[in-house]
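Beneath this line is the structure, given in structure tokens, with notes to follow.
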Amino acid sequence: MQPISSSYLMTTTERPDPVLVRGNGSLVWDSNGHRYLDFVQGWATNALGHSAPEVTQALTAQAARLVAPSPAFFNEPLLALAQRLTELTGLHQAYVSCTGAEAVECAIKLARKWGRKQHHGAYEIISTRGAFHGRTLAAMAASGKPGWDQLFPPYPAGFTKVAFGDLDAMRKAIGARTVALLVEPIQGEAGVVVPPAGYLAALRELADEHGLLLVFDEVQTGLGRTGRLFAHEWEGVKPDILTLGKGLGGGIPIAATLGNARACCFETGDQGGTFHGAPLACSVALAVLQAITSPELLGHVRAAGERLARGLEACVARRGLLGSRGRGLLQALELGRPTAHAVRDACLAHGLLVNAPRDSLLRFMPSLRVTGSEIDAMLEILDRALGEAG
Ligand code: PMP
39 MQPISSSYLM
49 TTTERPDPVL
59 VRGNGSLVWD
69 SNGHRYLDFV
79 QGWATNALGH
89 SAPEVTQALT
99 AQAARLVAPS
109 PAFFNEPLLA
119 LAQRLTELTG
129 LHQAYVSCTG
139 AEAVECAIKL
149 ARKWGRKQHH
159 GAYEIISTRG
169 AFHGRTLAAM
179 AASGKPGWDQ
189 LFPPYPAGFT
199 KVAFGDLDAM
209 RKAIGARTVA
219 LLVEPIQGEA
229 GVVVPPAGYL
239 AALRELADEH
249 GLLLVFDEVQ
259 TGLGRTGRLF
269 AHEWEGVKPD
279 ILTLGKGLGG
289 GIPIAATLGN
299 ARACCFETGD
309 QGGTFHGAPL
319 ACSVALAVLQ
329 AITSPELLGH
339 VRAAGERLAR
349 GLEACVARRG
359 LLGSRGRGLL
369 QALELGRPTA
379 HAVRDACLAH
389 GLLVNAPRDS
399 LLRFMPSLRV
409 TGSEIDAMLE
419 ILDRALGEAG
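The numbering used here applies: residue 39 is where the sequence shown begins, and numbers increase by one.
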């Protein structure tokens, strides 16, 4: 085979040298035959691990049947998926798109439409500093990632930011033009930032008090990742609008925006997209949902999450790190020094893929089916890498 060059790719991100060719469960192989234990899992998209049999089976069966008839026609997997998602969330209707950013973009449009029709023309959305909602311009405007406001101005107007977890700040930011509050139940990209207990429930009350829409972006925390089907279930509250992505397709691009009966106000022509709701991805999402909602899986995620959390705590104590945090199989290690990239590279050299979203922080988001021995093997490599580079 010809050597593969990266020079034809636009420069957007730093990547290590290995070229990945194959995956199975928690393992992935590069073109030189090296094997890696994968605790990145496509940034938490491979909910069931690499090439999960259900995903492969649904893909091949649907590929042979009907792939993309266009959103101008109904298709069976789309109808079934919308129904299943509303059953699982208790929300009223779904819009199915391809990526998390599109799901958020759709949520923003839905909130603005609702504001125009139902809330005296209000359009402003209050989100949180450090938040990550995607890379379309409106999703970037809603995000609070440091430095992003400098990247591609001017951004769409109508977004206000407050500190994550600070209820008073949220209350004070509400004004006559406010239409919605938008938060991640746990800030994922910001470094698995868990808000104070009761924050989501208090946001629900605040939104109700002011007649606003509450939007939870569960692109990262949804679909079993935290040990409940949705992270908002930990506080027993429901949003008016919910975004899902990543794990929904088990690695295949699909995302969804759901709304309750109050919020669902789109009319013909308001939203669309060539690949939105295509049966290929919808049939995979149905298979993924079936696996995730099996009685054992969420219990497994909670147990595996505890094992991972205990292992990371031990690591903190042994290596004198700052701390660890997270919920279920979304965990982070706060190193307390800017060595995360060096530790990540040392892990790679020892056959482990981990993510370093910040200079001093590592994030762990394995397959929801990760085994206890895979977690232990990961912790062993991590400890060695911390010894060398941490
Ligand atoms: N929202 C959240 C909470 C996310 O974590 C992400 C992706 N990291 C997105 C939205 C955007 O998803 P995508 O990259 O699929 O557009």
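Every residue gets a Cβ at the ideal spot worked out from N, C-alpha and C, and that includes glycine.
All figures in this text were calculated on a predicted structure; none of them were measured in a lab.
- Task: Within 10 angstroms of the Cβ of G307, are there 16 or more other Cβ atoms? Answer buried if so, exposed if not.
- Result: Classification of G307: exposed, given that the 10 Å Cβ count is below 16.
- Item | When L219, L324, A207 are compared against A99, the one with the closest alpha-carbon | Of the listed residues, the one whose Cα sits closest to A99 is L324.
- Task: Identify which residue in D383, T377, T259, A347 has its Cα closest to the Cα of A370.
- Result: Nearest of D383, T377, T259, A347 to A370, Cα basis: A347.
- Beta-carbon spacing of A82, M416 below 9 Å: Their beta carbons are not under 9 Å apart, which means A82 does not touch M416 by this criterion.
- Query: Smallest Cα separation from F111: which of P317, R60, W272?
  - Reply: Answer by Cα proximity: P317.
- Item | CA-to-CA distance, S43 to L123, given in whole angstroms | Their backbone Cα atoms lie some 42 Å apart in a straight line.
- Query: Can you tell me whether DSSP reads P317 as helix, strand or coil?
  - Reply: It is helical.
- Task: Reducing DSSP to helix, strand and coil, say where V232 ends up.
- Result: V232: coil per DSSP, three-state reduction.
- Message: So for V326, helix, strand or coil by DSSP?
- Response: In the structure shown, V326 sits in a helix (DSSP, three-state: H, G or I).
- Item | Buried versus exposed call for S362 [16 or more other C-beta atoms within 10 Å across all chains shown] | With 16 or more other Cβ atoms within 10 Å, it is buried.
- Which of the three DSSP states, helix, strand or coil, is assigned to G285? Looking at G285 - three-state DSSP - the assignment turns out to be helix.
- Message: Can you determine whether any heavy atom of ligand 1 sits closer than 8 Å to the C-beta of H314, and answer yes or no?
- Response: Outside the cutoff, so no.
- Task: Measure how close the beta-carbons of N298 and V78 come, nearest whole angstrom, since I'm counting them as under 8 Å.
- Result: So it is not a contact: roughly 34 Å between Cβ atoms.
- Item | Proximity winner among A180, L220, Y133, L420, relative to G311 (alpha-carbon distances) | Ranked by how close their Cα comes to the Cα of G311, the residues A180, L220, Y133, L420 have Y133 in first place.
- Buried/exposed call for V221, threshold 16 Cβ in 10 Å: With 16 or more Cβ atoms within 10 Å of its Cβ, V221 is classed as buried.
- Task: Please report how far the alpha carbon of L359 lies from the alpha carbon of S398, in whole angstroms.
- Result: For L359 and S398, the distance between alpha carbons rounds to 10 Å.
- Message: Shorter than 8 Å, the distance from the beta carbon of A329 to the closest heavy atom of ligand 1, or not?
- Response: No, since every heavy atom of ligand 1 falls outside the 8 Å radius drawn around the Cβ of A329.
- Message: Is there a C-beta anywhere in chain C that falls below 9 Å from the one on H270?
- Response: Here chain C cannot be found, since the structure has a single protein chain.
- Query: Since D68 is in the beta strand (DSSP E), which residue starts that stretch and which ends it?
  - Reply: For D68, the enclosing beta strand (DSSP E) starts and ends at 65–68.
- Query: Near R345, which residues of its chain fall below 7 Å by C-beta distance, leaving aside the five closest residues on each side in sequence?
  - Reply: The answer, listed in chain order, is G410, I413.
- Message: Below 8 Å, is the gap between the Cβ of T281 and the nearest heavy atom of ligand 1?
- Response: Yes, since a heavy atom of ligand 1 falls inside the 8 Å radius drawn around the Cβ of T281.
- Would the C-beta of R173 count as close to ligand 1, meaning under 8 Å from any of its heavy atoms? Yes, ligand 1 has a heavy atom inside 8 Å of this Cβ.
- Query: What does DSSP give as the partner residues of N197 in its beta bridges?
  - Reply: The amino acid at residue 197 is misidentified as Asn; the sequence shows Phe. DSSP lists I163 as partners of F197.
- Query: In chain order, what residues of the same chain have a beta carbon less than 6 Å from the beta carbon of A139, not counting five sequence neighbours either side?
  - Reply: Same-chain partners within the cutoff: G172, R173, T174, A177.
- Residues bridged to Q131 [DSSP beta-bridge criterion]: In the DSSP assignment, the residues bridged to Q131 are G297.
- Query: What do you reckon, are the CB atoms on A384 and A423 nearer than 9 Å?
  - Reply: For A384 and A423, yes; Cβs fall inside 9 Å.
- Query: Buried or exposed: where does D76 fall if 16 or more other Cβ atoms within 10 Å of its Cβ makes it buried?
  - Reply: The residue in question, D76, is buried, as its Cβ has 16 or more Cβ neighbours within 10 Å.
- First and last residue of the uninterrupted beta strand (DSSP E) at Y74: Here the beta strand (DSSP E) through Y74 covers 73–76.
- Message: Can you check which of these residues, A235, R263, G153, is closest to R215 by C-alpha distance?
- Response: Proximity to R215 across A235, R263, G153 peaks at G153, based on C-alpha coordinates.
- How about P223 and L238: do their beta carbons lie closer than 9 Å? Taking the C-beta atoms as reference points, L238 is found nearer than 9 Å to P223.
- Item | Beta-carbon proximity check, T127 vs K276, cutoff 9 Å | Between T127 and K276, the CB-CB gap stays under 9 Å.
- Task: Express the C-alpha separation of F170 and T187 in angstroms, rounding to a whole number.
- Result: The amino acid occupying residue 187 in the given sequence is Asp; Thr does not appear at that position. Taking the straight line from one Cα to the other gives about 13 Å.
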